[in-house]
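Here's the structure we're looking at; comments come further down.
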Amino acid sequence: MPQIIEITDLSRPELDVFCRLTEAQLRNRLEPEKGVFIAESPTVIGLALDAGYEPLALLTERKFIEGKAAGIIARCGEIPLYTGEREVLARLTGYELTRGVLCAMRRPPLPSVAEVCAGARRIAVLEGIADSINVGALFRSAAALGVDAILATPTCCDP
Numbered sequence: 008m009p010q011i012i013e014i015t016d017l018s019r020p021e022l023d024v025f026c027r028l029t030e031a032q033l034r035n036r037l038e039p040e041k042g043v044f045i046a047e048s049p050t051v052i053g054l055a056l057d058a059g060y061e062p063l064a065l066l067t068e069r070k071f072i073e074g075k076a077a078g079i080i081a082r083c084g085e086i087p088l089y090t091g092e093r094e095v096l097a098r099l100t101g102y103e104l105t106r107g108v109l110c111a112m113r114r115p116p117l118p119s120v121a122e123v124c125a126g127a128r129r130i131a132v133l134e135g136i137a138d139s140i141n142v143g144a145l146f147r148s149a150a151a152l153g154v155d156a157i158l159a160t161p162t163c164c165d166p
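Just so we're on the same page, my numbering is the position in the sequence shown counted from 1, plus 7.
Here's what the structure looks like:
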């Protein structure tokens with residue numbers, strides 16, 4: 008069971024990962040082993056857990072602890088679970104958590120270019136794409152076109 012922490016002080020540094028760090032700070036290019044990403048929704052978090060990603064902390068409305076987040080919470084073990092009322096969390100994140108739960112997760116080590124390209128016939132290279140919506144569209148287009156591998160350069164936003 009996770010450690011449930013009621014949010015009363017929005018300035019707590021432990022909450023930075025959910026609301027005050029930029030994508031670049033979460034990605035942590037200088038120390039990739041410390042990189043984090045945020046997964047949103049029980050479905051996405053469940054897929055990440057199935058793929059072996061390590062959960063670090065959860066953020067959810069109090070009413071979801073025994074509701075739609077219960078299964079995810081049970082799978083995450085003894086990590087911090089930050090909770091509060093909808094209005095408090097909206098002030099913290101800047102938006103309402105419509106999918107009910109956020110999970111900070113450790114980034115996996117990046118494979119080498121050789122590993123990504125091994126056996127690939129068609130490779131897409133994404134360079135300098137600044138908008139994550141465009142990156143998502145390019146991933147979906149690449150899949151539809153039978154692309155075998157995608158490389159994202161350091162100038163590309165985080166896929």
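The beta carbon of each residue, even a glycine, is placed where N, CA and C say it ideally should be.
Subject >> Per-residue burial, Pro-20 [other beta carbons within 10 Å of its own, 16 or more giving buried] >> reply: Of the residues assessed, Pro-20 falls on the exposed side of the cut-off, its CB having fewer than 16 other CB atoms within 10 angstroms.
Subject >> Nearest to Ala-159 (by Cα), restricted to the options Gly-74, Val-123, Glu-85 and Leu-152 >> reply: Relative to the Cα of Ala-159, the nearest Cα in the group Gly-74, Val-123, Glu-85 and Leu-152 belongs to Val-123.
**OP:** Specify, as a first and last residue, the run of the beta strand (DSSP E) that Phe-44 falls within.
**Re:** Its beta strand (DSSP E) spans residues 43–47.
Original post:
What number of angstroms, rounded off, separates the C-alpha of Gly-59 from the C-alpha of Ile-136?
Top reply: A direct Cα-to-Cα measurement between Gly-59 and Ile-136 gives close to 28 Å.
Original post:
Who does Cys-110 pair with in a DSSP beta bridge?
Top reply: Per DSSP, Ala-46 and Leu-65.
**OP:** Have a look at the DSSP bridge pairing and note the partners of Thr-90.
**Re:** In the DSSP secondary-structure assignment, Thr-90 is bridged to Glu-13 and Thr-67.
Original post:
Within this structure, are the beta carbons of Leu-65 and Cys-26 separated by less than 9 Å?
Top reply: No, the pair does not count as a contact, with Cβ atoms beyond the cut-off.
Original post:
Buried or exposed: where does Leu-88 fall if 16 or more other Cβ atoms within 10 Å of its Cβ makes it buried?
Top reply: Leu-88 should be labelled buried.
Original post:
When DSSP labels each residue in this structure, what does Ala-125 get in the three-state scheme?
Top reply: Correct three-state label for Ala-125: coil.
**OP:** Assign Leu-96 to one of three DSSP states: helix, strand, or coil.
**Re:** Helix at Leu-96.
Subject >> Three-state secondary structure (DSSP) of Ala-133 >> reply: According to the sequence provided, residue 133 is Leu. The question's Ala does not apply to it. In this structure, Leu-133 counts as strand in the three-state DSSP scheme.
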